[in-house]
Amino acid sequence: MSRPTRVYVRPVALAESPQTFDGATIRLGHSLVWCHLVALESYEGGRLAARQIVPVDRFADALNALPTDQAERAQAQFANLSRAHPPLQLGERVLRFDQPQVMGILNVTPDSFSDGGRFTDDPAQAADAGFAMLTAGASLIDIGGESTRPDAPVVWEGDEIARVVPAIQALAHSGAILSVDTRKAAVMEAALEAGAHIVNDVSALLYDTRALDVVVRSGCPVVLMHAPSQGANPHAGGGYGHVVTDVFDWLEARVAAVVAAGVAREKVIVDPGIGFGKSLADNLALINALPLFQALGQPILFGASRKRMIGALSNEAPVDARLGGSIALAMSAIGSGAQIVRVHDVPETVQAARVWRGLRDAALTVPGLD
């Protein structure tokens, strides 16, 4: 069966301020990225069939040449590009999406690909690491008790609970926003009870049949990540027709499903799943197309810290020698409007983001135009 023609609205001209261009601009993602031109793309059978570059102030005119259903889809995506996402009130804490936020990774597992084994048997040391991330400027701490590296064994939920709950309890009164990185409903329940605020699920609530119900009943925000498999190994599979549109369509359908089940749309965050069942070429295509994912209308979480693609692009640098690449990818994502970057190296990423923001803030004031 042939796939129907589908249209996508991809931002193609980003700038540091609305004054950069003479024509109209729209805000993309958080408030520090602007867009002047978009590409109106049509795909047939997973292949690009047509592409038109359109100034944002002429976009409505370009829709006239499309069939009604395609025009409606394109208009909805265009509106999503500049959607202002309201802040999330998480108890006494607030998560804002009008500026980029840094999420620190806290693994309490013996076999994570980067920092496994550091905090597995020492909740106090894990909490100290979380406090250090907060002091360095992290807005969120993501706590995980099961490795999702390729071919990692599945962890029994009881062991996973025993790993994450003490760390969450220790950090619950620190003023941090805490997320639990898990795909198991029982772990979600225990973590939320211990003080976590957000569920971050690499299976987009598909691995465990109870997971969606847990999130609906708790009313917590959720991160839905794309992976080619929702089974034991999230890296299995792949074989994309066109990786960017395939991942976009999958996330679009998954957002619709969880919203229909009762999750508030404003509490859904999406993650394209860099490194999960994707080749180097796939990852690069997704990163270059990241502005397109703003058309989903949800905040974007981006995680590529210390991942294998950095080694592949830098003479097979080992995991502990990928800081430069990690910062480069995080800043690329922030420059594409990503609202959250998930990283291991918090102080360095926060510093880079603050310098980037200083440059953007300065660019908003153009001498002679006051």
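Numbering of the sequence shown is given in this note's numbering, commencing with residue 20 and proceeding in unit increments. For each residue, glycine too, the CB sits at the ideal point set by N, CA and C.
Can you tell me whether residue i is buried or exposed? The criterion is at least 16 other CB atoms within 10 Å of its CB, across all chains shown.
i, result
"H192", "exposed"
"T154", "exposed"
"V113", "exposed"
"R424", "The shown model of the chain, from 20 to 389, leaves out residue 424, and the question about it has no answer."
"I346", "buried"
"Q108", "exposed"
"I72", "exposed"
"E165", "buried"
"P106", "exposed"
"T87", "exposed"
"A223", "buried"
"R379", "buried"
"D170", "exposed"
"P23", "exposed"
"D301", "buried"
"G377", "exposed"
"M20", "With a pLDDT of 42 at M20, under the threshold of 50, the predicted position of this residue should be treated as unreliable, and no value is reported."
Once the 5 residues before and after residue i are set aside, which same chain residues still bring their CB inside 8 Å of it?
i, result
"L332", "L299 and G344"
"G250", "Y226"
"F295", "T167, V221, M244, H245, A246, P247, P253 and H254"
"G281", "V235"
"T201", "G163, G164, E165, E179, V183, M207, A210, V218, N219 and D220"
"S198", "M122, L159, I160, D161, I162, A215, H216, I217, V218, N219 and V242"
Residue i lies in the alpha helix (DSSP H); which residues open and close that run?
i, result
"I217", "Taken as a continuous stretch (DSSP letters only), I217 belongs to no alpha helix (DSSP H), being part of the beta strand (DSSP E) at I217 to D220."
"S351", "L342 to G354"
"R168", "No alpha helix (DSSP H) contains R168, which DSSP labels as neither H nor E."
"G330", "R327 to A331"
"R236", "A230 to S237"
"V127", "V127 -> no alpha helix (DSSP H), and no H or E assigned at all."
"A381", "V365 to A382"
"A204", "A204 to A213"
Could you pull the start and end residues of the beta strand (DSSP E) that residue i belongs to?
i, result
"P142", "Looking at the DSSP string, P142 is not in any beta strand (DSSP E); the run it does join, the alpha helix (DSSP H), is P142 to A155."
"R53", "Note that residue 53 is Trp in the sequence shown, not Arg. Counting along the chain, the beta strand (DSSP E) containing W53 begins and ends at W53 to E63."
"P185", "Here P185 belongs to no beta strand (DSSP E); instead the alpha helix (DSSP H) covers E176 to L190."
"A357", "First-last for A357: undefined, no H or E at that position."
"V338", "Looking at the DSSP string, V338 is not in any beta strand (DSSP E), and its letter there is neither H nor E."
Going by beta carbon distance, what residues of the same chain come within less than 6 Å of residue i, once the five residues before and after it are set aside?
i, result
"F132", "Residue placement at F132 is poorly supported in this model, since its pLDDT is 47, which falls under 50; the coordinates are not used for a value here."
"M313", "Looking at the sequence provided, one finds Gln at residue 313 rather than Met. Contacts found: L47, G48, L100 and G356."
"D232", "none"
"R229", "A204"
"G260", "G65"
"R25", "Y62"
"S50", "D117"
"K326", "G294"
Keeping to the same chain, check which residues put their C-beta closer than 7 Å to that of residue i; ignore five residues upstream and five downstream.
i, result
"I353", "P119, V360, A372 and W375"
"Q94", "L82"
"P263", "Reading off the sequence shown, one finds Val at residue 263, where the question assumed Pro. Excluding positions up to five away in sequence, the list reads A304, L305, A308 and L311."
"V28", "V57, L59, A93, Q96, F97, L100 and A314"
"G135", "In this prediction, G135 has a pLDDT of 48, which is less than 50 and means its spatial position is unreliable; what the coordinates show is noted afterwards. So the list reads N126, T128, P129 and S166, once near-sequence residues are dropped."
Are any of the Cβ atoms in chain D nearer than 9 Å to that of residue i?
i, result
"A382", "Going by chain labels, chain D is absent from the structure shown, which holds only one protein chain."
Consider the C-beta atom of residue i and the heavy atoms of the ligand ZN; say whether any pair is separated by less than 8 Å.
i, result
"E335", "Looking for the ligand ZN in the displayed structure turns up nothing, as the structure carries no ligands at all."
Does the stretch 173 to 185 touch the stretch 335 to 342, meaning 3 or more C-beta pairs lie closer than 8 Å?
-> no
Any 3 or more C-beta pairs closer than 8 Å across the stretch 113 to 123 and the stretch 348 to 362 | yes
Taking one C-beta from the stretch 181 to 189 and one from the stretch 201 to 213 each time, how about it: are there three or more such pairs within less than 8 Å?
-> yes
Mind listing, in chain order, the continuous alpha helix (DSSP H) runs of no fewer than 4 residues lying wholly within the stretch 75 to 121?
-> 78 to 82 and 87 to 100
Give, in chain order, every unbroken run of the beta strand (DSSP E) that is at least 3 residues long and sits entirely within the stretch 252 to 333.
-> 287 to 290
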